[in-house]
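Heads up, the sequence shown is in my numbering, so the first residue is 12 and it goes up one at a time.
These notes concern the structure reproduced below.
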Amino acid sequence: MLNVDADRISLCGSSEARARFIKGRNLNDNNLRDFALAVCHECRAPRFGRTCDKEVAGIIHLLALYDALDPKMLSGDLKDFFLSIQDEYNSRIS
Numbered sequence: 012m013l014n015v016d017a018d019r020i021s022l023c024g025s026s027e028a029r030a031r032f033i034k035g036r037n038l039n040d041n042n043l044r045d046f047a048l049a050v051c052h053e054c055r056a057p058r059f060g061r062t063c064d065k066e067v068a069g070i071i072h073l074l075a076l077y078d079a080l081d082p083k084m085l086s087g088d089l090k091d092f093f094l095s096i097q098d099e100y101n102s103r104i105s
């Protein structure tokens with residue numbers, strides 16, 4: 012189970028709300044996807060062009076969570092999940 016707090020928060024509050032959302036939950040693919048979707052839902056960023064900044068906000072939050080995790084907590088499946096998220100982020104910023 013995760014015990015997380017937001018060190019930095021967004022102005023709209025989505026970071027802090029999502030830290031509360033994931034706290035005490037198991038670290039698995041479904042909970043991580045729900046975490047990112049919840050960030051997207053709470054995000055107050057406007058949409059620009061073809062890329063929805065709300066989706067990027069969810070990706071950035073997942074990557075920040077990954078960076079904060081103890082590597083011993085990550086199974087092969089979770090490592091693969093985070094690698095796919097990193098690839099998605101790289102494709103959106105290129």
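Positions of the beta carbon are idealized from the N, C-alpha and C atoms, including for glycine.
Inset, instruction - Could you tell me how far apart the beta carbons of residue 67 and residue 103 are, in whole angstroms, since I believe they sit closer than 8 Å? - result: Counting from one through the sequence shown, the residue named residue 67 turns up at place 56. Counting from one through the sequence shown, the residue named residue 103 turns up at place 92. Confirmed, Cβ separation roughly 6 Å.
Inset, instruction - Determine the direct distance from the alpha carbon of residue 27 to that of residue 97, and round the result to whole angstroms. - result: By one-based count along the sequence shown, residue 97 stands at place 86. By one-based count along the sequence shown, residue 27 stands at place 16. If I take the Cα positions, the gap works out to 22 Å.
Inset, instruction - With residue 51 as the anchor, note down where its alpha helix (DSSP H) starts and where it stops. - result: If you number the sequence shown from 1, residue 51 lands on position 40. First-last of the alpha helix (DSSP H) with residue 51: 40-53.
Inset, instruction - Compute the beta-carbon to beta-carbon distance between residue 99 and residue 70, rounded to the nearest angstrom, for a pair I have assumed lies under 8 Å. - result: Start at 1 with the first residue of the sequence shown, and residue 99 comes out as number 88. Start at 1 with the first residue of the sequence shown, and residue 70 comes out as number 59. Residue 99 to residue 70, Cβ: 6 Å. Contact.
Inset, instruction - Please confirm if the region 82-95 is in contact with the region 46-54, defined as three or more CB-CB distances below 8 Å between the two stretches. - result: no
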